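So the sequence lines, in the order shown, correspond to chains A and B. The working numbering applies: residue 1 is where the first sequence begins, and numbers increase by one. The working numbering applies: residue 1001 is where the second sequence begins, and numbers increase by one. Below is one structure, written out as structure tokens; the observations come after it.
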Amino acid sequence: MKDTLNSSPPVIEARGLNLVFQTADGPVHALKDLNLTINRGDFVSFIGPSGCGKTTFLRAIAALEHPTDGTLTVNGMSPDEARKKRAYGYVFQAAGLYPWRTISGNIRLPLEIMGFSKADQDARVERVLDLVELSGFGKKFPWQLSGGMQQRASIARALAFDADILLMDEPFGALDEIVRDRLNEEVLKLWARTGKTIGFVTHSIPEAVYLSTKIVVMSPRPGRITDIIDSPLPKERPLDIRDSREFIEIAHRVREGLRAGHLDD
Amino acid sequence: MRGLSVPPVILPAPFAIAATIAGSLPTLWQDFAQTILKGAIPGFLIGAGAAFGVAIAIDRSPFLQRGLLPIGNFVAALPIVGLAPILVMWFGFDWQSKAAVVVVMVFFPILVNLVAGLQASERMQRDLMATWGASYWQTLVKLRLPAAMPFLFNGLKIASTLALIGAIVAEFFGSPIYGMGFRISTEVGRLGLDMVWATIAVAALAGSALYGMISLIERWVTFWHPSQRH
């Protein structure tokens, strides 16, 4: 639906994308013939078993991996150019905060590297701390906070420099389900407030269905897309939407897509 | 001691050593200044500085990594009894040659630790730096050097004891008529064992103080490391 309303150019576009790793055991086809269009403001989940290339694709968007073949553009540029323009914030599975810096210091780090003024840095740190509900924890060191709070700080860090694309690689994979539910809700709120384009890698079907406007189902050996589902769920999503008929139908379709990928093995 | 009839030449009584220390403070201070303040500490600082510079150079160039580490290893493996006389020939009898011996002795352990430390940051943290478009130097200063600090301090602690040994032993191969190594070797010859022990006491104190100072700085710099969190 969004696609028809929105005529602005796609944020991320992959055409005939292939990525082959050369390993000691011979070449590994991590991504095969990927075609995907992500529009401004989309929340796109990538779901699939280990080795399906979901993380590799996210890394390719961030120019951390380089495709062997095909085209991949970010805001109409190559991923490398987009990286130099600071087009994205990246959130990894582990928070990856620097233990020698306070929470504020960690969030400030990308701003220092990008050369924001001191006053601007302070204002931005305050704003994103508030956004992830960590106000008052700025002076703590990472090891003094719980895993969930650390991960929220790493999201704040990715938000601090206002990249329009947020790439999240299983950001809540290491957290327990209660914390995870809460953070999922927060990510949705954040997305609604900031209007960012989000790429989100996950193992969890409910997580993918709950969060996304577009679900990309992938399967391994070689890593490829088996289904792309445009979610009919409304943008406003209370947690109990997960008991609705529509939700269960989409989850079912995702499960079918995952199973189809395995039948080819 | 008296009860066991240990001769003073084998082991002087503690009070005799204490009396010697109290009675020879000016001599002991002069020896200390010559060996520790002029030989060991400047040598330690120069060696650490050189190791730091070379570690960065090695980090920038894999070619140097293959070339310089083996050479450093080779120099570190040279026995001090061979090295010290040569450096005394080159740099003279005074403290300069002692500092040179210390430089050679502390250089390699610091270098090896720092080179390892520069590899200690996690891949994810380096990837993060890359997504922010950080330059080599930004990544070095803001990520890799701080992450290397626990390694650097291991190197510095090992080197601090080596510096003391180097500065004292090098004086055996030529020195002015003062210095802790000179004192030990001449007093042994004169059977002045109380003075030998007094000098050893000063050396032990100086070594502990140097080590303690480095530990304090370490606690301050690497407060974030699990080994330092209390």
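Just so you know, even glycine gets a beta-carbon here, dropped at the ideal spot from N, CA and C. Quick caveat, the model's predicted, so the values are computed rather than measured.
By the DSSP assignment, the beta strand (DSSP E) with residue i in it spans what residues?
i, result
"PRO79 of chain A", "From DSSP, PRO79 of chain A is part of no beta strand (DSSP E) but of the alpha helix (DSSP H) over 79-84."
"GLN267 of chain A", "Residue 267 of chain A falls outside the range modelled here, since chain A spans only 1 to 265, and no answer is possible."
"SER219 of chain A", "214-219"
"LEU167 of chain A", "165-169"
"GLY70 of chain A", "69-74"
"ARG224 of chain A", "224-230"
"VAL91 of chain A", "88-91"
In terms of residue numbering, what span does the alpha helix (DSSP H) encompassing residue i cover?
i, result
"THR202 of chain A", "Taken as a continuous stretch (DSSP letters only), THR202 of chain A belongs to no alpha helix (DSSP H), being part of the beta strand (DSSP E) at 197-202."
"ASN35 of chain A", "Taken as a continuous stretch (DSSP letters only), ASN35 of chain A belongs to no alpha helix (DSSP H), being part of the beta strand (DSSP E) at 26-38."
"GLY105 of chain A", "103-114"
"VAL1054 of chain B", "1041-1060"
"LEU134 of chain A", "No alpha helix (DSSP H) holds LEU134 of chain A; DSSP gives it neither H nor E."
"PHE1015 of chain B", "1014-1023"
"SER1097 of chain B", "1095-1118"
"PHE43 of chain A", "Taken as a continuous stretch (DSSP letters only), PHE43 of chain A belongs to no alpha helix (DSSP H), being part of the beta strand (DSSP E) at 43-47."
"ILE61 of chain A", "54-61"
"THR1161 of chain B", "1145-1170"
"LEU1136 of chain B", "Per the sequence shown, residue 1136 of chain B should be read as Tyr rather than Leu. 1136-1139 is the extent of the alpha helix (DSSP H) around TYR1136 of chain B."
"LEU194 of chain A", "Note that residue 194 of chain A is Thr in the sequence shown, not Leu. Residues 177-194."
"ALA1204 of chain B", "1193-1221"
"VAL209 of chain A", "205-211"
"GLN1125 of chain B", "1123-1131"
"VAL1188 of chain B", "1180-1189"
"ILE1010 of chain B", "Run containing ILE1010 of chain B: none; DSSP gives neither H nor E here."
Less than 8 angstroms between the C-beta atoms of residue i and residue j, yes or no?
i, j, result
"VAL132 of chain A", "ALA160 of chain A", "no"
"THR56 of chain A", "LEU31 of chain A", "yes"
"LYS196 of chain A", "ASP230 of chain A", "no"
"ARG237 of chain A", "TYR210 of chain A", "yes"
"PHE1182 of chain B", "VAL1088 of chain B", "no"
"ALA1050 of chain B", "VAL1103 of chain B", "yes"
"ALA1209 of chain B", "THR1035 of chain B", "no"
"GLY1047 of chain B", "PHE1107 of chain B", "yes"
"ILE198 of chain A", "GLN1138 of chain B", "no"
"PRO67 of chain A", "LEU19 of chain A", "yes"
"VAL1101 of chain B", "LEU1083 of chain B", "yes"
"PRO1146 of chain B", "HIS1225 of chain B", "no"
"PHE1017 of chain B", "ALA1201 of chain B", "Strictly speaking, residue 1017 of chain B in this sequence is Ile, with Phe absent from that position. Contact: yes."
"ARG221 of chain A", "GLY51 of chain A", "yes"
"SER104 of chain A", "VAL125 of chain A", "yes"
"GLN1125 of chain B", "GLY96 of chain A", "yes"
"ILE107 of chain A", "ALA156 of chain A", "yes"
"LEU111 of chain A", "GLY148 of chain A", "no"
If we count the other Cβ atoms within 10 Å of its Cβ and call it buried at 16 or more, is residue i buried or exposed?
i, result
"GLN144 of chain A", "exposed"
"VAL11 of chain A", "buried"
"SER1160 of chain B", "buried"
"MET1213 of chain B", "exposed"
"TYR98 of chain A", "buried"
"LYS1142 of chain B", "buried"
"MET1180 of chain B", "buried"
"SER154 of chain A", "buried"
"LEU134 of chain A", "buried"
"THR1131 of chain B", "buried"
"THR4 of chain A", "Note that THR4 of chain A has pLDDT 45, beneath the 50 cutoff, so the model's placement of it is unreliable and no number is given."
"LYS235 of chain A", "exposed"
"TRP100 of chain A", "buried"
"TRP1220 of chain B", "exposed"
"ALA1055 of chain B", "buried"
"VAL216 of chain A", "buried"
"PHE200 of chain A", "buried"
"PHE1115 of chain B", "Before going on, a small fix: residue 1115 of chain B reads as Val here, not Phe. Result: buried."
"GLN22 of chain A", "exposed"
"PRO27 of chain A", "exposed"
"ASP1031 of chain B", "buried"
"PHE1074 of chain B", "exposed"
"GLY1117 of chain B", "buried"
> Between the region 1196-1226 of chain B and chain A, which residues of the former have CB atoms less than 9 angstroms from a CB of the latter, in chain order?
Replying inline: VAL1221, THR1222, PHE1223, TRP1224, HIS1225 and PRO1226
> Is it true that the region 175-193 of chain A meets the region 218-226 of chain A, where meeting means three or more beta-carbon pairs spaced less than 8 angstroms apart?
Replying inline: no
> Taking any Cβ of chain B, which residues in the region 104-115 of chain A have a Cβ under 8 angstroms from it, in chain order?
Replying inline: LEU109, PRO110, GLU112, ILE113 and MET114
>> Tell me whether the region 1085-1105 of chain B and the region 45-54 of chain A touch, counting them as touching only if at least three CB pairs, one residue from each stretch, are closer than 8 angstroms.
In response: no
> Any residues in the region 150-177 of chain A with a beta carbon nearer than 7 angstroms to a beta carbon of chain B? Which ones, in chain order?
Replying inline: none
> Listed in chain order, which residues of the region 60-84 of chain A have Cβ atoms closer than 7 angstroms to some Cβ of chain B?
Replying inline: ALA62, LEU64, ARG83 and LYS84
>> Any C-beta of chain B within less than 8 angstroms: which residues of the region 209-221 of chain A qualify?
In response: none
> Between the region 21-50 of chain A and chain B, which residues of the former have CB atoms less than 9 angstroms from a CB of the latter, in chain order?
Replying inline: Within the region 21-50 of chain A, no residue has a Cβ that lies closer than 9 angstroms to any Cβ of chain B.
>> For the region 11-20 of chain A against the region 200-217 of chain A, do three or more pairs of beta-carbon atoms, one drawn from each stretch, fall closer than 8 angstroms, so that the two count as touching?
In response: no
>> Taking 8 angstroms as the cut-off, does the region 167-178 of chain A touch the region 83-98 of chain A (at least 3 CB pairs, one atom from each stretch)?
In response: Contact between the region 83-98 of chain A and the region 167-178 of chain A is present: three or more C-beta pairs spanning the two stretches fall below 8 angstroms.
>> Along the region 122-149 of chain A, where does the CB come closer than 9 angstroms to a CB of chain B? Name the residues.
In response: PHE141, PRO142 and TRP143
> Is the region 1107-1118 of chain B touching the region 1183-1195 of chain B, taking contact as three or more C-beta pairs under 8 angstroms?
Replying inline: no
> Residues in the region 191-202 of chain A with C-beta within 9 angstroms of chain B's C-beta atoms, listed in sequence order?
Replying inline: Flagged: no residues at all.
>> Under 8 angstroms: do the region 249-260 of chain A and the region 70-80 of chain A share three or more Cβ pairs, one atom per stretch?
In response: no
> Name the residues in the region 1024-1035 of chain B whose C-beta lies less than 7 angstroms from a C-beta of chain A; which are they?
Replying inline: none
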